[in-house]
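**Student:** What follows is a single structure, and I will ask about it in a moment.
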Amino acid sequence: MILKRDEPLAPRTSYRIGGTAEYFFIPERMEEVSQAMSYCRAKGLELRVLGGGTNVLVGDRGWPAVLSLERFKHTDAFGPYAKAEAGASFPAFVKKLADNSSKGAEALCGIPGTVGGALLMNAGGHYGEIGEFVKRVKVAEPDGRLVTLERDQCGFRYRDSDLKNRIILSADFEFPEGDRDEIRSRMRDIFQQKKASQPLHSHSAGCVFKNPPGLAAGRMIDECGFKGARIGGAAVSALHANFLTNDDHASAADMLELISKIRGQVKERHGVELELEIKVWS
Ligand SMILES: Cc1cc2nc3c(=O)[nH]c(=O)nc-3n(C[C@H](O)[C@H](O)[C@H](O)COP(=O)(O)OP(=O)(O)OC[C@H]3O[C@@H](n4cnc5c(N)ncnc54)[C@H](O)[C@@H]3O)c2cc1C
Numbered sequence: 561m562i563l564k565r566d567e568p569l570a571p572r573t574s575y576r577i578g579g580t581a582e583y584f585f586i587p588e589r590m591e592e593v594s595q596a597m598s599y600c601r602a603k604g605l606e607l608r609v610l611g612g613g614t615n616v617l618v619g620d621r622g623w624p625a626v627l628s629l630e631r632f633k634h635t636d637a638f639g640p641y642a643k644a645e646a647g648a649s650f651p652a653f654v655k656k657l658a659d660n661s662s663k664g665a666e667a668l669c670g671i672p673g674t675v676g677g678a679l680l681m682n683a684g685g686h687y688g689e690i691g692e693f694v695k696r697v698k699v700a701e702p703d704g705r706l707v708t709l710e711r712d713q714c715g716f717r718y719r720d721s722d723l724k725n726r727i728i729l730s731a732d733f734e735f736p737e738g739d740r741d742e743i744r745s746r747m748r749d750i751f752q753q754k755k756a757s758q759p760l761h762s763h764s765a766g767c768v769f770k771n772p773p774g775l776a777a778g779r780m781i782d783e784c785g786f787k788g789a790r791i792g793g794a795a796v797s798a799l800h801a802n803f804l805t806n807d808d809h810a811s812a813a814d815m816l817e818l819i820s821k822i823r824g825q826v827k828e829r830h831g832v833e834l835e836l837e838i839k840v841w842s
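In terms of our numbering, the sequence shown opens at residue 561 and continues consecutively.
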């Protein structure tokens, strides 16, 4: 196992924000995941997993103990079946699914990060979510036991799952067969829609807030006049008000202040408490 000390976390996140990890574990064998867990338990440290860092706001003081599954990247797709290790790139896995004519892959395009992060978040969008296609997930339980969970034990729901507090190691999937050209063409359309409506070239973590049932968080934020608003280096995207961007060396404190201001005004104007979609590590 590789153990790095005082590892900077900002370059490992899409926001490019955050302090360091005092302990940064990179297991090279699956058993080492449980070893890192028991090491942290013994030291009283809460171990967190960093995937692609595309849905995390790391605090300015960092996080004491972090684990990366970047050595576990194997994926495979054959007929209706597919499998992936948690550290695999999610976009590369989705491309492999499309090449394999796996229907449903089109709904998962344009989502950065890793397979592990996508499973924990039940990543997806208007046209579908990854959890729909899961058969089983292999996890390390908080006590270090390796366990296989069937799909109905994972509690997949809108941008959430019951996989929290566990370390996701790998998953098996099943997809209906589709037409490869149709899937690819649909993917291009969905990607174009995203390109036109999201600041894909800025440092962001995607949508910051979940959409409340039947409502669009971005529209409510826009109606409060926030597009283009900024605090320090943190800004509300002019393209999509639910995307907050790090435009100029923003700190986590800048971002959290902007989040708090948005929440306050949306509550005042719309009477709605916005719930965070991103994970804040502070
Ligand atoms: C430009 C942009 C567009 C986006 N568009 C979308 C979209 O369309 N739909 C969507 O759903 N999301 C979207 N996102 C958000 C993000 O990409 C997804 O939530 C993604 O699935 C997160 O994966 P990650 O590996 O980066 O997770 P991270 O950000 O690293 O982690 C997210 C959470 O998952 C946990 N985690 C990660 N890996 C594991 C693991 N192996 N075991 C246990 N816990 C783990 C982390 O501890 C953290 O709590 C977007 C983000 C960006 C920057």
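Beta carbons are placed, not taken as given, at the ideal position from N, Cα and C, and that holds for glycine.
1. Assuming contact is defined by CB atoms lying nearer than 9 Å, are residue 628 and residue 584 in contact in what I supplied?
2. Give me the Cα-Cα distance between residue 616 and residue 576, rounded to the nearest whole angstrom.
3. Could you tell me if residue 834 is buried or exposed, where buried requires 16 or more neighbouring beta carbons within 10 angstroms of its beta carbon?
4. Check for me: the beta strand (DSSP E) holding residue 794 runs from which residue to which?
5. Would you list the one or two residues that DSSP bridges to residue 784?
6. Are the stretch 698 to 705 and the stretch 656 to 672 touching, with three or more C-beta to C-beta distances below 8 Å?
7. At what residues does the beta strand (DSSP E) containing residue 656 begin and finish?
8. Please report the distance separating the alpha-carbon of residue 580 from that of residue 812.
9. Does the beta-carbon of residue 742 have 16 or more other beta-carbons within 10 angstroms, so that it is buried, or is it exposed?
10. Can residue 697 and residue 728 be called in contact, C-beta distance under 9 Å?
11. Suppose you measure from the CA of residue 595 to the CA of residue 676; what does that come to, to the nearest Å?
12. Grouping DSSP H, G and I as helix and E and B as strand, with all else coil, what is residue 714?
13. Taking the Cβ atom as the reference point for each residue, do residue 645 and residue 730 lie within a distance shorter than 9 Å?
14. Please tell me whether residue 542 and residue 822 are closer than 9 Å, where the distance is taken between their beta carbons.
15. Sort out for me which residues DSSP pairs residue 568 with in a bridge.
16. Is residue 726 helix, strand or coil by DSSP?
17. For a cutoff of 9 Å on Cβ pairs, would you count residue 748 as touching chain C?
18. Assuming residue 645 is part of the beta strand (DSSP E), what are its boundary residues?
19. Just the C-alpha distance for residue 661 and residue 691, rounded to the nearest angstrom, thanks.
20. My assumption, with CB atoms under 8 Å, is that residue 719 sits in contact with residue 681. Please give the rounded CB distance.
21. Taking the alpha carbon of residue 709 as the reference point, which residue from 716, 717, 699 has its own alpha carbon closest?
**Tutor:** So, from the data block:
1. yes
2. C-alpha of residue 616 to C-alpha of residue 576: approximately 10 Å in a straight line.
3. buried
4. 794 to 796
5. Note: residue 784 sits in no beta bridge, so no partner.
6. no
7. For residue 656, there is no enclosing beta strand (DSSP E); the residue is part of the alpha helix (DSSP H) that begins and ends at 650 to 659.
8. 13 Å
9. By the neighbour-count rule (16 or more Cβ atoms within 10 Å), residue 742 is not buried but exposed.
10. yes
11. When only Cα atoms are considered, residue 595 and residue 676 end up about 19 Å apart.
12. coil
13. Contact flag set, yes.
14. Limits of the chain in this structure are 561 at one end and 842 at the other, which puts residue 542 out of reach.
15. The partner list for residue 568 (beta bridge, DSSP) reads 580.
16. coil
17. In the displayed structure, chain C is absent; only one protein chain is listed.
18. Counting along the chain, the beta strand (DSSP E) containing residue 645 begins and ends at 641 to 645.
19. The alpha-carbon atoms of residue 661 and residue 691 are separated by roughly 18 Å.
20. 6 Å
21. 699
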